[in-house]
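Comments concern the structure below.
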Amino acid sequence: MVKYPFLPQVKEHIKQRDLDIKTIIELPSIRQRAKQRVIDSFSLEKNYTVKPSRYVEEELASYPVAIMLAAATEEPQLIERFALSEAKQVNIFLEQEKNLDVIVEVAKAFSWEIKTDNIGIWIHFTKYLKNTSSGRLVHDSKWKLINRAVDKGWVLVKIDELKRLLEEEVKERIEENAKRKIGNLPEEIKIDVEEIKNEFQKNKPDLVEQELKVYAEEGEYPPCIAKLLKRTSEGQHLSHTERFTLVTYLLHQNISVDSIVGMFSSISDFKQEKTRYQVENLAGKTGGRTEPYTTYNCSTLQSHGVCSKATDPDNICRRIGNPLRYHLFTESGRKKAAEKSS
323 MVKYPFLPQV KEHIKQRDLD IKTIIELPSI RQRAKQRVID SFSLEKNYTV
373 KPSRYVEEEL ASYPVAIMLA AATEEPQLIE RFALSEAKQV NIFLEQEKNL
423 DVIVEVAKAF SWEIKTDNIG IWIHFTKYLK NTSSGRLVHD SKWKLINRAV
473 DKGWVLVKID ELKRLLEEEV KERIEENAKR KIGNLPEEIK IDVEEIKNEF
523 QKNKPDLVEQ ELKVYAEEGE YPPCIAKLLK RTSEGQHLSH TERFTLVTYL
573 LHQNISVDSI VGMFSSISDF KQEKTRYQVE NLAGKTGGRT EPYTTYNCST
623 LQSHGVCSKA TDPDNICRRI GNPLRYHLFT ESGRKKAAEK SS
């Protein structure tokens with residue numbers, strides 16, 4: 323239960339011990355753990371662990387209090403960061419599960435319907451779309467319904483994909499709960515909230531750079547990338563510079579390695595293993611790097627004949643030095659950036 327504090331049996335467990343929220347927030351150890359839970363989410367290198375069994379009560383009770391503390395800050399970015407941190411923690415715990423029944427039990431906590439057969443795992447399309455048509459998965463083509471096996475309203479997923487979808491569900495549920503208005507709070511809770519807000523402001527510059535990146539949708543891609551995508555879909559050969567440009571750009575838009583590798587499958591000289599190695603290398607998954615390589619600057623692309631600014635209808639290319647900045651100057655890109663920073 324400690325791993326998944328949103329399960330129905332957790333509420334029942336707390337209820338049986340006559341613990342309501344008013345009683346819980348009066349317990350210093352639980353309040354301290356809840357506060358630390360929120361503050362820990364600001365760390366860029368969080369260690370995800372489960373406390374020993376003697377802390378079970380404290381850990382379970384701190385979950386709703388932590389959500390309440392995050393909500394009381396009324397800081398959308400802070401709430402998003404906290405929700406993301408808790409969701410990633412759940413995903414890590416799910417990765418450690420060997421029993422599919424446990425994962426299905428977690429899914430049922432969100433009223434998901436899951437079916438399994440000799441083909442694999444099936445999730446109802448309504449829940450699938452709920453978590454892939456918005457949020458962090460919307461920019462990755464592998465999650466588009468048109469690219470999935472669908473049978474009578476059920477979508478086939480791999481077990482790791484089911485876990486990833488549950489991560490999105492947890493994040494969204496926490497954000498929903500944390501958006502509720504909080505009434506009058508005890509003075510000690512107000513002090514905790516101010517401490518949390520101060521700690522967030524200290525970490526905010528790094529967090530904004532890492533977590534609040536605005537990704538481009540396909541319609542916002544610069545002309546050079548749109549052209550390379552079209553040529554790839556038609557099976558045309560790309561030069562080394564063109565491949566590097568296309569792959570690094572897509573990686574920076576949070577497109578998965580699997581999706582990028584699959585994109586090159588229509589090219590005549592496609593070799594899956596070799597292509598995957600090259601894409602993973604550019605993604606920073608091999609060779610000691612931790613981040614994707616940066617896309618070539620526009621001046622480099624011009625010298626290699628890759629630049630397509632002559633076909634740019636909005637003349638945005640004249641205002642940027644790297645394709646990665648193109649979408650930030652589109653109307654929709656500016657709107658998303660404003661929403662993220664508000």
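Number 551 in this note's numbering belongs to position 229 of the sequence shown; there are no gaps in the numbering.
Glycine included, C-beta positions come from ideal geometry on N, C-alpha and C.
So who's on the other strand from residue i, going by DSSP bridges?
i, result
"residue 476", "446, 473"
Does the distance from the C-beta atom of residue i to that of residue j stay below 9 Å?
i, j, result
"residue 465", "residue 446", "no"
"residue 424", "residue 412", "no"
"residue 327", "residue 385", "yes"
"residue 478", "residue 470", "yes"
"residue 401", "residue 509", "no"
"residue 388", "residue 364", "no"
"residue 416", "residue 485", "yes"
"residue 560", "residue 547", "no"
"residue 576", "residue 616", "no"
"residue 357", "residue 391", "yes"
"residue 652", "residue 491", "no"
"residue 353", "residue 511", "yes"
"residue 432", "residue 502", "no"
"residue 596", "residue 579", "no"
"residue 488", "residue 454", "no"
"residue 545", "residue 649", "no"
"residue 324", "residue 382", "yes"
"residue 742", "residue 377", "Because the chain in this structure spans residues 323 to 664, residue 742 falls outside the shown range and cannot be described."
Considering residue i, what are the terminal residues of the beta strand (DSSP E) in which it resides?
i, result
"residue 437", "436 to 438"
For the alpha helix (DSSP H) holding residue i, just list the boundary residues, first then last.
i, result
"residue 571", "562 to 574"
"residue 552", "545 to 555"
"residue 386", "378 to 395"
"residue 423", "422 to 430"
"residue 356", "350 to 362"
"residue 633", "Careful: residue 633 lies outside any alpha helix (DSSP H) and carries neither H nor E."
"residue 463", "Counting along the chain, residue 463 falls outside any alpha helix (DSSP H), and DSSP gives it neither H nor E."
"residue 620", "620 to 625"
"residue 581", "579 to 585"
What three-state label does DSSP hand residue i in the structure shown?
i, result
"residue 335", "helix"
"residue 502", "coil"
"residue 663", "With a pLDDT of 49 at residue 663, under the threshold of 50, the predicted position of this residue should be treated as unreliable, and no value is reported."
"residue 412", "helix"
"residue 419", "coil"
"residue 328", "coil"
"residue 593", "coil"
"residue 452", "helix"
"residue 347", "coil"
"residue 541", "helix"
"residue 507", "coil"
"residue 533", "Because residue 533 sits at a pLDDT of 43, beneath the cut-off of 50, its placement in the model cannot be relied upon, and the point is left open."
"residue 614", "coil"
"residue 493", "helix"
"residue 649", "helix"
"residue 407", "helix"
"residue 654", "helix"
"residue 607", "coil"
"residue 441", "coil"
"residue 513", "helix"
"residue 644", "coil"
"residue 558", "coil"
"residue 588", "helix"
"residue 375", "Because residue 375 sits at a pLDDT of 46, beneath the cut-off of 50, its placement in the model cannot be relied upon, and the point is left open."
Quick check: is any heavy atom of the ligand ZN less than 8 Å from the C-beta of residue i?
i, result
"residue 429", "By its list of ligands, the structure shown contains no ligand whatsoever, and the ligand ZN lies outside what it can speak to."
Beta-carbon of residue i versus every beta-carbon of chain B: anything under 9 Å?
i, result
"residue 594", "Protein chain content of the structure displayed is limited to a single chain, and chain B is not contained in it."
message = Using a Cβ distance threshold of 8 Å, determine whether the segment 384 to 399 contacts the segment 515 to 525, with at least three qualifying pairs required.
response = Three or more Cβ pairs drawn from the segment 384 to 399 and the segment 515 to 525 lie within less than 8 Å of each other, which places the two stretches in contact.
key: Cβ contact (3+ pairs, closer than 8 Å) linking the segment 586 to 595 and the segment 547 to 556   = Verdict: yes, contact present.
task = Check whether the segment 625 to 639 touches the segment 518 to 525, counting contact only when three or more Cβ pairs, one atom from each stretch, lie closer than 8 Å.
result = The answer is no - the segment 518 to 525 does not touch the segment 625 to 639, with fewer than three Cβ pairs under 8 Å.
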